Each structure stands twice: as structure tokens, then as C-alpha cells.
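Start counting the sequence shown at 107; every next residue gets the next number (the numbering used here).
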Amino acid sequence: MNEKVIIMDVPINKVTMEEATNKVVTYLSGDGKHTVFTPNPEIIMEAQEDGEFMKILQEADLVVADGIGVVLASKILKVEKLPERVGGYDLMQSVLGEIKDKDTKVYFLGSKPGVAKLAAKNMRKKYPGINIVGARDGYFKEEDEAEIIKEIRDLQVDLLLVGLGAPRQEKWIYDNIDELGIKVGAGVGGSLDVMAGTVKRAPKAFQKLGLEWFYRLITNPRRAKRMMRLPKFGIKVVFMRLTGK
Ligand code: UDP
Numbered sequence: 107m108n109e110k111v112i113i114m115d116v117p118i119n120k121v122t123m124e125e126a127t128n129k130v131v132t133y134l135s136g137d138g139k140h141t142v143f144t145p146n147p148e149i150i151m152e153a154q155e156d157g158e159f160m161k162i163l164q165e166a167d168l169v170v171a172d173g174i175g176v177v178l179a180s181k182i183l184k185v186e187k188l189p190e191r192v193g194g195y196d197l198m199q200s201v202l203g204e205i206k207d208k209d210t211k212v213y214f215l216g217s218k219p220g221v222a223k224l225a226a227k228n229m230r231k232k233y234p235g236i237n238i239v240g241a242r243d244g245y246f247k248e249e250d251e252a253e254i255i256k257e258i259r260d261l262q263v264d265l266l267l268v269g270l271g272a273p274r275q276e277k278w279i280y281d282n283i284d285e286l287g288i289k290v291g292a293g294v295g296g297s298l299d300v301m302a303g304t305v306k307r308a309p310k311a312f313q314k315l316g317l318e319w320f321y322r323l324i325t326n327p328r329r330a331k332r333m334m335r336l337p338k339f340g341i342k343v344v345f346m347r348l349t350g351k
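Structure follows, in C-alpha cells:
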């Protein structure tokens, strides 16, 4: 089953966390190459203004709704309802849990120096048996890219998690997937920071109420400018519902 729900031109797979996990695990056991992206409302708004980014999301193999706002929008717009929020961090945890006893090779690319390596160390402790073959920060220069791509290809990485922030991470995966030789490239935003413990997730109560975005806003006011896209997203959803456009 590969049904998608279209929200503002972005196709989102109608999958639960379990179904999304199974899809990624299936990709990892096959031969093809696949992209996995996890847009939230801010990212969907960004894609409205960036045609290249929109195309990349439209061509992706698996796109899940990272953000209660996306699930709500599917309800309000009366397109087919998305079953649940499938957050990028949670999806990656679920996948790592599934592949820990297989010989799937994993590589972490992104976040500030030291973070990806610390994330790898923590994940090896959390998922004993996991085969994380390398980790590298996301503050590299353009001239370092060829060497990074070569390292990943030479290590025969299957699953590459890229945390460079959107839309850079999606564009990076899209542009380099052939050369990387990977089976799955996933854009993970700040997930490596969470795995490393350098950024804390919202308390469970916020997560349950669908208010994780609010917690991120009050604990990291630097995001305020980006988050201005949230009300715009809400207004656009309501406008589309009222006008049928
Ligand atoms: N980042 C990076 N290289 C850069 C800029 C950002 O590796 O040149 C990392 C940053 O350290 C953070 C992640 O990209 O770990 C972006 O996190 P954010 O939560 O802002 O991602 P988003 O919400 O866009 O998914």
C-alpha cells in the first residue's frame, strides 16, 4: 500500500509509525535507493517558495507527517486523514531498533562537531549490535564534500541519516544519492542532537498534547523567525478549506 495524501502540493504517505518503519526496513533489505523525508508545517511552507525543494519532496519514496499540524491539516482539508504523526526522531529510533541485529550499515552525518559521534556512541549503548560504521559533523565546506561522499561509499553504508537542517539535507541527499551508493537517505533535522543528548525533547505531556512545537519555541527563541511560518500554514489551511482551493 502506498497511498499518499497531498497537502499544499506535498505528497505525504498515509502510514502509521509501524508501517513507516516496515517500509524503511524493506528498502534496506532490497537493492534500490530511497529517500525518506519528514516535513513539518514549516517545511511544507518552505517548499511553497522553493520549487526545487518541492520537486524533491514530490519525488521522495517515503514522506511522513512530522508535526501534529500536518495531521490536523489533513483533517481540516478533508483530504484523506493521515493516521498519526510520524516524527522523524521516533521513526529513526524505531528503525534502529528493528535493524540492530542485522548487518545494516548506518552512518550519521550532521550537527555540530562531536555531536554525531556522541549520538553514535549513545545509540550503540541503546541498541547493542547496531552497526554504525561512521559519523561526521555537518559543518563541512563544499571542497570537503567529495571526500565525505567517498568515505560513505567506501564504507558501503546502507542507511544514511543526514541532519543538516531543511531544505539543505533533502537537497544534499537528492543531489548525491547515486554517488553515495546508499539504500536509504533520510533527512533527520536535529535528531542527532537529541540522540547525543545535547538537545532535549519536549516533556511527554507536551508531546501528547501535540504541543512539542510550542516547547521548542519557548526553549529556543532562535527558532521564532522560522516558526512565523506556523500561523501562515494555519491560515492557508483554513483559507483552502473555506474556498475549496
Ligand atoms: N546543521 C549542520 N550544518 C549546518 C547547519 C546546521 O549540521 O551548516 C545542523 C544543526 O547543528 C542541527 C541541524 O542541522 O543539528 C538542524 O536542526 P534543526 O532542528 O534546525 O532542523 P530542522 O528543524 O530544520 O529539521
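Beta carbons: idealized from backbone N, C-alpha and C, even for Gly. As the structure is a computational prediction, the values presented were derived from the model and not from experiment.
For residue i, does the three-state DSSP call read helix, strand or coil?
{"i": "residue 279", "result": "helix"}
{"i": "residue 211", "result": "strand"}
{"i": "residue 118", "result": "strand"}
{"i": "residue 224", "result": "helix"}
{"i": "residue 168", "result": "strand"}
{"i": "residue 339", "result": "helix"}
{"i": "residue 292", "result": "strand"}
{"i": "residue 216", "result": "strand"}
{"i": "residue 147", "result": "helix"}
{"i": "residue 331", "result": "helix"}
{"i": "residue 196", "result": "helix"}
{"i": "residue 252", "result": "helix"}
Quick check: what's the CA-CA separation for residue i versus residue j?
{"i": "residue 83", "j": "residue 159", "result": "Beyond the ends of the chain as shown, which are 107 and 351, falls residue 83; an answer cannot be given."}
{"i": "residue 267", "j": "residue 279", "result": "10 Å"}
{"i": "residue 119", "j": "residue 178", "result": "15 Å"}
{"i": "residue 348", "j": "residue 137", "result": "45 Å"}
{"i": "residue 183", "j": "residue 343", "result": "7 Å"}
{"i": "residue 217", "j": "residue 300", "result": "10 Å"}
{"i": "residue 283", "j": "residue 213", "result": "14 Å"}
{"i": "residue 111", "j": "residue 188", "result": "7 Å"}
{"i": "residue 139", "j": "residue 273", "result": "20 Å"}
{"i": "residue 240", "j": "residue 346", "result": "45 Å"}
{"i": "residue 124", "j": "residue 245", "result": "33 Å"}
{"i": "residue 237", "j": "residue 167", "result": "24 Å"}
Kindly list the residues whose CB is nearer than 7 Å to the CB of residue i, restricted to its own chain and excluding five residues on each side of it in sequence; keep chain order.
{"i": "residue 127", "result": "197, 200, 201, 204"}
{"i": "residue 134", "result": "205, 210, 264, 265, 289, 290"}
Could you give the first and the last residue of the continuous alpha helix (DSSP H) run that contains residue i?
{"i": "residue 112", "result": "Note, residue 112: premise wrong, no alpha helix (DSSP H); beta strand (DSSP E) at 110-113."}
{"i": "residue 134", "result": "123-135"}
{"i": "residue 246", "result": "Note, residue 246: premise wrong, no alpha helix (DSSP H); not H, not E."}
{"i": "residue 188", "result": "Note, residue 188: premise wrong, no alpha helix (DSSP H); not H, not E."}
{"i": "residue 298", "result": "297-302"}
{"i": "residue 322", "result": "318-325"}
In the DSSP assignment, find the beta strand (DSSP E) that holds residue i and state where it starts and stops.
{"i": "residue 238", "result": "237-242"}
{"i": "residue 141", "result": "140-143"}
{"i": "residue 268", "result": "265-269"}
Considering only residues of the same chain and omitting the five flanking positions on each side of residue i, which have a CB-CB separation below 8 Å?
{"i": "residue 277", "result": "158, 159, 162"}
For residue i, collect the residues of the same chain with a Cβ closer than 6 Å to its Cβ; drop the 5 residues on either side in sequence, then sort them by chain order.
{"i": "residue 190", "result": "122"}
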